[in-house]
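The structure appears below as structure tokens.
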């Protein structure tokens with residue numbers, strides 16, 4: 001029971017993101033009296049964040065895994081984070097491509113042409129006696145061409161739009177890191193909770209075995225009826241089933257943790273941490289909201305997408321405006337490389353759109369529709385942040401109160417079981433009183449775990465809602481790469 005008292009963030013038996021069934025049935029057809037596992041207040045993360053890319057080779061010796069090691073591995077190998085990093089690369093490539101419209105376009109060309117011309121075919125009036133056929137002759141040309149946009153409102157605003165999209169992708173990556181930290185810490189805590197459940201159920205099974213042995217001895221001594229032995233045996237068998245179920249749940253939570261942090265396939269590991277209560281910065285609702293709007297990656301990304309849509313609308317308008325461009329070339333031209341001579345041309349032009357068949361109007365309408373959607377998404381996310389922060393604060397307040405009550409209830413249940421065992425050993429009462437006291441203590445333990453889990457999960461939900469999950473993890477756990 002000592003580990004249970006120290007455990008934090010502990011949903012009993014079932015996994016947070018992959019729900020398991022309820023407790024196994026008892027031999028008499030009833031259900032175990034344990035409290036059901038609490039449901040997570042956090043929304044289930046997108047599927048990629050529950051997977052990872054395995055890295056390395058499995059070793060024969062079990063790996064000792066700390067929570068900081070788990071988070072560091074997840075930040076390197078979690079699939080959701082790798083996909084977010086790819087989106088940053090994609091946005092950077094798109095911005096580079098659009099910037100090319102504003103930068104000089106320089107190209108070179110070397111050619112050698114052998115040709116013969118019919119001047120009459122080109123309409124040249126030639127005096128009588130002069131042949132219209134010229135050549136064959138050779139023409140060589142080595143030249144560099146330059147094209148430069150001096151003023152292009154469409155290209156300028158397209159570049160601004162892609163710059164905002166790149167910033168949005170980087171903020172999405174930051175948000176993904178926070179999500180990975182939260183999911184990994186929660187999965188690690190679930191594994192610890194499942195391990196603690198194994199210890200608790202084994203201790204209860206040992207107690208049931210001891211009570212069964214005592215009941216057999218007392219029946220042989222003629223102190224109790226046979227029903228007492230039967231009742232103790234039923235409870236003993238039930239508790240043994242609970243040990244099997246708890247061990248299976250523990251192994252499943254370890255598999256889930258190994259998958260999302262990208263451990264080598266088949267790598268065995270042990271958990272070395274026992275999580276203590278995590279201290280988070282105290283903040284009012286107003287302070288939490290102000291910080292969330294300033295630091296949350298997904299909200300900052302939404303704001304950047306609004307700015308990108310505004311720039312795209314300006315780019316659509318820019319298609320209807322004149323554009324100034326410069327073209328130039330320089331090179332050697334002649335009938336042979338030795339007889340060539342340098343030539344050049346420089347042209348400045350103003351392109352004025354006159355009629356584009358509604359293309360500009362269509363693009364403008366598309367840009368306005370996209371801008372409207374982006375603004376609506378940003379406002380919706382802003383409201384969502386308020387509700388997430390408010391809900392986390394309410395859960396934290398309720399969880400702390402539940403934890404206080406559950407701790408007191410567990411103390412009373414321990415005392416009740418001790419007294420019931422003493423009464424049964426003294427022959428004052430039957431072992432049904434002991435069985436009931438055992439069930440009450442089991443339920444009190446589960447309620448204590450559930451209350452601890454609710455309190456600490458609310459803390460995790462709060463730091464995630466504010467956008468400081470990774471920052472808090474580095475401060476609390478340290479050693480995160």
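Residue numbers (my numbering): 1 to 481. Cβ atoms here follow ideal geometry from the backbone N, Cα and C, with glycine treated the same way.
If you ignore the 5 residues before and after residue 423, its C-beta comes within less than 7 Å of the C-beta of 429 and 433, all in its own chain and listed in chain order. Per DSSP, reduced to three states, the secondary structure at residue 62 is coil, with no helix or strand assignment. Taken through DSSP and simplified to helix, strand or coil, residue 272 comes out as coil. For residue 241, the enclosing alpha helix (DSSP H) covers residues 226–261. Each of 126, 117, 55 and 153 was checked against the Cα of residue 99, and the nearest Cα belongs to 153. The three-state secondary structure of residue 147, taken from DSSP, is strand. Residue 417 counts as buried, since at least 16 other C-beta atoms from the protein chains shown sit within 10 angstroms of its C-beta.
For residue 184 and residue 468, the gap between their C-alpha atoms comes out near 15 Å. In chain order, 62 and 64 place their CB closer than 6 Å to the CB of residue 270, counting only its own chain and leaving out the 5 sequence neighbours on each side. Between residue 450 and residue 392, the CB-CB gap reaches or exceeds 8 Å. Per DSSP, the continuous alpha helix (DSSP H) segment holding residue 304 begins and ends at 297–318. Residue 258 and residue 472 have their C-alpha atoms spaced approximately 23 Å apart. In this structure, the alpha-carbon of residue 440 lies about 15 Å from that of residue 205. Taking C-beta atoms under 8 Å as the contact rule, residue 166 and residue 91 qualify, at a distance of about 4 Å. When DSSP states are grouped into helix, strand and coil, residue 338 belongs to the coil group. Counting C-beta atoms within 10 angstroms of its own C-beta, residue 481 has fewer than 16 neighbours from the protein chains shown and is therefore classed as exposed.
Contact between residue 57 and residue 264 is confirmed by a C-beta separation of about 6 Å, below the 8 Å threshold. Per the coordinates, the alpha-carbon of residue 256 lies some 12 Å from the alpha-carbon of residue 266. Annotation: the continuous alpha helix (DSSP H) that includes residue 175 extends over 153–220. In this structure, the alpha-carbon of residue 211 lies about 9 Å from that of residue 425. For residue 134, DSSP records a beta bridge to 117.
When C-beta atoms of the stretch 167–180 are compared with those of the stretch 79–91, three or more pairs fall below 8 Å, so the two segments count as touching. Counting of Cβ neighbours within 10 angstroms places residue 397 among the exposed residues, the total staying below 16.
Between residue 151 and residue 303, the CB-CB gap reaches or exceeds 8 Å. Rounded to the nearest whole angstrom, the C-alpha separation of residue 367 and residue 310 is 8 Å. Beta-carbon to beta-carbon, residue 53 and residue 108 are separated by about 44 Å, too far to satisfy the 8 Å threshold. Annotation: the continuous alpha helix (DSSP H) that includes residue 362 extends over 359–425. In this structure, residue 333 keeps its C-beta atom at 8 Å or more from the C-beta atom of residue 347. The stretch 288–303 makes contact with the stretch 376–392, as at least three CB pairs between them are under 8 Å. The stretch 182–202 makes contact with the stretch 236–249, as at least three CB pairs between them are under 8 Å.
Here residue 53 carries a coil assignment [DSSP, helix/strand/coil]. In this structure, the beta-carbon distance from residue 410 to residue 373 does not fall below 8 Å. Considering only 363, 285, 331 and 459, the residue with the shortest C-alpha distance to residue 387 is 285. As the crow flies, the alpha-carbon of residue 119 is around 7 Å from that of residue 134. For residue 55 against residue 479, the beta-carbon gap comes to about 19 Å, at or over 8 Å, which does not count as contact. Residue pairing for residue 80: DSSP places it in no beta bridge.
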